[in-house]
Amino acid sequence: MNNIDDFDLQILKYLDEDGRMAYSAIATAMGVSNTMIHQRINRLTEQGILAGIKPVLNEKKLGYDWGAFTGLSLEKDHDSGRIIEELKKIPEVTECYYITGNYTLYVKIIAKNHEHMRQLLYEKIDSIPGIAKTDSLIELGCAFKRNIIF
């Protein structure tokens, strides 16, 4: 594990609550200088612990009312790299994981409605050469989603 101390964890907790929080506000809350906060955040970024600060979009407010988790069985597992590149071309595929079990890949898909979901599954994803089978579970809502901060 990288050298993370309680001070770093406290900074990460502030950023997790509000990624736009000014470094000066974090410094004031923690009773230290702005320079110290900048240095620590730079180090956390260089170590790859802080991978970036991005907005968390509310998909529902953007008109994407449907979500699905879909397992992908591949004809040949060694084709996964090529298939992943094809999946990246579909903006509605928002996450992709390697998994064990009955599937090689597991993806999260968002869609505007059931017809949009059908088009994504049958016309885009199923048409990628090398995908043998898909199995989808429709998302009914997210109970919670969080970063791991110990």
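Take -16 as the starting number for the sequence shown in this note's numbering and just add one per residue.
We put the beta carbon where it would ideally sit given N, CA and C, even for glycine.
The structure presented is a predicted model; accordingly, all values stated were derived computationally and were not measured.
Quiz item: Is it right to say R23 is buried, meaning 16 or more other beta carbons lie within 10 angstroms of its own, or is it exposed?
Solution: Taking the sequence shown and counting its residues from 1, one reaches residue 23 at position 40. Residue environment for R23: buried (at least 16 other C-beta atoms within 10 angstroms of its C-beta).
Practice problem: Give every residue of the same chain whose Cβ lies closer than 8 Å to the Cβ of I114, excluding the five residues on either side of it in the sequence, and list them in chain order. | Solution: In the sequence shown, the residue the question calls residue 114 occupies position 131. Around I114: L55, S56, L57, E58, I66, I108.
Quiz item: In whole angstroms, what separates the C-alpha of A5 from that of G35?
Solution: Working through the sequence shown from its first residue, we reach residue 5 at position 22. Working through the sequence shown from its first residue, we reach residue 35 at position 52. Their backbone Cα atoms lie some 15 Å apart in a straight line.
Practice problem: Ignore the nearest five residues each way along the sequence and tell me which others in A101's own chain have a CB closer than 6 Å to its CB. | Solution: As a working mapping, residue 101 is identified with position 118 in the sequence shown. As written in the sequence, residue 101 is Arg, which differs from the Ala given in the question. Hits under 6 Å: none found.
Quiz item: Near A51, which residues of its chain fall below 7 Å by C-beta distance, leaving aside the five closest residues on each side in sequence?
Solution: The residue labelled residue 51 in the question sits at position 68 within the sequence shown. So the list reads I92, M100, S119, L120, I121, E122, once near-sequence residues are dropped.
Exercise. Name, in chain order, the residues that DSSP records as bridge partners for C125.
Key: On the sequence shown, position 142 is the one that residue 125 refers to. BP columns for C125 are empty, so no partner.
Self-check item: Straight-line Cα distance separating C79 from N17
Solution: Taking the first residue of the sequence shown as position 1, residue 17 is located at position 34. Taking the first residue of the sequence shown as position 1, residue 79 is located at position 96. Rounded to the nearest angstrom, the two C-alpha atoms are 37 Å apart.
Quiz item: Between the C-alpha atoms of T11 and I73, what's the straight-line distance to the nearest angstrom?
Solution: Position 28 of the sequence shown holds residue 11. Position 90 of the sequence shown holds residue 73. Going from the Cα of T11 to the Cα of I73 covers about 43 Å.
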